[in-house]
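Data block below; observations after.
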Amino acid sequence: MAYGQNLLETASFANYECDGRLNVPSAVRNSEAIVDLVRKTVIKSGSALEIASGSGQHIVKLASVLPKLNWQPTDVDESRIKSIRCWSGDHHLPNLKPPCLLDATKRGWAAKHHDQDLILLVNLLHLISIAETEILVEEISMGLGSGGISIICGPFMRKGKLISKNDIEFHQSLINTDPDLGYKNDIDMMNLFSEKNLLLLKTKKMPANNLAFILQKR
Ligand SMILES: C[S@@+](CC[C@H](N)C(=O)[O-])C[C@H]1O[C@@H](n2cnc3c(N)ncnc32)[C@H](O)[C@@H]1O
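Heads up: the sequence shown begins at 832 in my numbering, then just goes up one per residue.
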């Protein structure tokens, strides 16, 4: 799937500022919960890869509160890369690498980003197809070093059901854009993790009805 402009607009409302940075209200709203979640995982130092970093507002906070982790921001979209550069430029964090382009749904990226201690993915799986999700989870598994942790967070169906009016409307708007998109089922995700050698350590409820899966490479 090409990540088109319609989907960019459906997926996350963003204010574009004149230097190219994006200010995404939803990213700001959920950043505290994401930072708190990552801080409470077992990982304290090492290498951390974020897939689909978006505006870059999460990763700047993560890199400042977790200075022993070396953070690599990535995204498939050039305008996001530019925004991440802007937010990073304000902070001069030695543990935050320059962002790089990464299409997480294309096979092979794990060979370049191998031996990660942490791979973080927030709010992407509902924007890609099931086939792409399978590739992405397999690459995450291959990108983690032994015992490495992945945190995968976003909106999911629970046992095949959408759990609120907002979720029903959002899922419907996604499948109206492209029938291959939309919320994935939590049970299917758990089966996929197990198939790809990722042990589910914990499932955590997040704000806005989101779920976070905390996984460990077997
Ligand atoms: C809803 S935004 C989430 C951004 C950020 N993770 C957050 O939670 O604020 C989805 C992001 O996924 C990125 N994206 C879409 N398809 C992608 C792909 N195939 N590989 C990597 N990133 C992708 C988009 O460019 C966008 O930045």
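Here a beta-carbon is modelled for each residue, glycine too, at the ideal position from N, C-alpha and C.
What three-state label does DSSP hand Gly976 in the structure shown?
Here residue 976 is taken as the residue at index 145 of the sequence shown, counted from 1. Residue state, collapsed to three classes: strand.
According to the Cβ coordinates, are Ile980 and Leu949 closer than 8 Å?
Position 149 of the sequence shown, counted from the start, is the residue given in the question as residue 980. Position 118 of the sequence shown, counted from the start, is the residue given in the question as residue 949. In contact: Ile980 and Leu949 (Cβ atoms closer than 8 Å).
Proximity below 8 Å, CB of Asn1041 to CB of Gly985
Locating residue 1041 in the sequence shown gives position 210, counting from the first residue. Locating residue 985 in the sequence shown gives position 154, counting from the first residue. In this structure, Gly985 lies closer than 8 Å to Asn1041 by Cβ.
Excluding the five sequence neighbours on either side, which residues of its own chain have a C-beta within less than 6 Å of the C-beta of Leu1029, listed in chain order?
Translated into positions along the sequence shown, residue 1029 becomes position 198. Same-chain partners within the cutoff: Ser972, Leu1046.
Taking one C-beta from the stretch 990 to 998 and one from the stretch 958 to 965 each time, how about it: are there three or more such pairs within less than 8 Å?
no
N- and C-terminal bounds of the beta strand (DSSP E) containing Leu951:
As a working mapping, residue 951 is identified with position 120 in the sequence shown. Where Leu951 is concerned, the enclosing beta strand (DSSP E) stretches over 947 to 953.
DSSP on Asp934, reduced to helix/strand/coil?
In the sequence shown, counting from the first residue as 1, residue 934 sits at position 103. If DSSP states are grouped into helix, strand and coil, Asp934 belongs with coil.
Taking 7 Å as the cut-off, is the beta-carbon of Ile882 closer than that to any non-hydrogen atom of ligand 1?
To locate residue 882, count along the sequence shown from 1; it is residue 51. Yes, Cβ of Ile882 sits closer than 7 Å to a heavy atom of ligand 1.
How is the alpha helix (DSSP H) around Pro856 delimited, first residue to last?
Position 25 of the sequence shown, counted from the first residue, corresponds to residue 856. That run of the alpha helix (DSSP H) goes 856 to 870.
Would you check if there are 3 or more beta carbon pairs closer than 8 Å linking the stretch 886 to 899 to the stretch 924 to 937?
yes
CA nearest to the CA of Gln903, picked from Ser910, Ser862, Val873, Asp946
One-based indexing of the sequence shown puts residue 903 at position 72. Here the closest residue by C-alpha is Asp946.
Which residue wins for smallest C-alpha separation from Trp940, given the options Ser914, Lys928, Glu881?
Position 109 of the sequence shown, counted from the first residue, corresponds to residue 940. Selected option, being the one with the closest Cα: Glu881.
Classify Leu1031: buried if its beta carbon has 16 or more other beta carbons within 10 angstroms, exposed otherwise.
Taking the sequence shown and counting its residues from 1, one reaches residue 1031 at position 200. So Leu1031 ends up on the exposed side.
Spatial distance of Pro930 from Val855 (CA atoms)
The residue labelled residue 930 in the question sits at position 99 within the sequence shown. The residue labelled residue 855 in the question sits at position 24 within the sequence shown. Taking the straight line joining both Cα atoms gives about 18 Å.
Could you check what DSSP says for Gly920 in three-state terms: helix, strand or coil?
Residue 920 sits at position 89 when you count from the first residue of the sequence shown. The answer is helix: DSSP assigns Gly920 an H, G or I state.
Taking Gly877 as the reference, give the member of Gly887, Gly978, Ile1006 with the closest Cα.
By one-based count along the sequence shown, residue 877 stands at place 46. Ranking Gly887, Gly978, Ile1006 by Cα distance to Gly877 puts Gly978 first.
To the nearest angstrom, how far is the alpha carbon of Arg870 from that of Ser914?
As a working note, residue 870 is residue 39 in the sequence shown. As a working note, residue 914 is residue 83 in the sequence shown. Going by the C-alpha atoms only, they are around 24 Å apart.
Tell me which residues share the same chain as Glu848 and place their Cβ nearer than 7 Å to its Cβ, disregarding the 5 neighbours each side in the sequence.
Along the sequence shown, one-based indexing puts residue 848 at 17. Same-chain partners within the cutoff: Asn854.
Alpha carbon to alpha carbon, how far is Met988 from Asp998? Give it in angstroms, no decimals.
As a working mapping, residue 998 is identified with position 167 in the sequence shown. As a working mapping, residue 988 is identified with position 157 in the sequence shown. Going by the C-alpha atoms only, they are around 9 Å apart.
Leu1005, DSSP secondary structure in three states:
Translated into the one-based positions of the sequence shown, residue 1005 becomes position 174. Three-state DSSP puts Leu1005 in a helix.
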